[in-house]
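Undergrad:
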Amino acid sequence: MKSLLIAVLPLAFVLSGCKVNEGEAYEKDKAPEERSEYVGTEGLAQAQKDKLYLMDKELRDKCNDAKISYAVAKSNNNEKEAQAQKAIMANTCKGK
Numbered sequence: 009m010k011s012l013l014i015a016v017l018p019l020a021f022v023l024s025g026c027k028v029n030e031g032e033a034y035e036k037d038k039a040p041e042e043r044s045e046y047v048g049t050e051g052l053a054q055a056q057k058d059k060l061y062l063m064d065k066e067l068r069d070k071c072n073d074a075k076i077s078y079a080v081a082k083s084n085n086n087e088k089e090a091q092a093q094k095a096i097m098a099n100t101c102k103g104k
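For the sequence shown, counting from 1, position 74 maps to 82 in my numbering; every step adds exactly one.
1) Cβ of residue 74 within 8 Å of Cβ of residue 97?
2) I want to know whether the stretch 59-78 touches the stretch 86-94 - three or more CB-CB distances under 8 Å.
3) Who are the near neighbours of residue 100 in its chain, counting only those whose CB is closer than 7 Å to its CB and skipping five residues on each side?
4) What ranges does the alpha helix (DSSP H) occupy inside the stretch 44-84, keeping only unbroken runs of at least 4 residues that lie completely in it?
5) Given a threshold of 16 other Cβ atoms within 10 Å of its Cβ, counted over all protein chains shown, does residue 56 qualify as buried or as exposed?
6) Name the two residues that bound the continuous alpha helix (DSSP H) containing residue 87.
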């Protein structure tokens, strides 16, 4: 029993130290676009949130670009380009 305790105690000490050296789950002081390191389950959950945010941001940016291009095409009486931008808006401007 004593030898088992002697063997288990250092192992428990080493394993508890791993959590201390693990660091932050993710880089909380950075914007989602700038984060590159995620650690553990909390980091993995944040990585998923960041990916969703970035995908949504990309769609919003494409939507805004298409709206601007659509307005320019309409002002230049370019119906072909206006229709192309309208199709992009239909695919990227969700809920608007």
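Quick reminder that beta carbons are idealized off the backbone N, C-alpha and C, glycines included.
TA: In brief:
1) yes
2) yes
3) 67, 70, 71, 74
4) 48-83
5) exposed
6) 87-100
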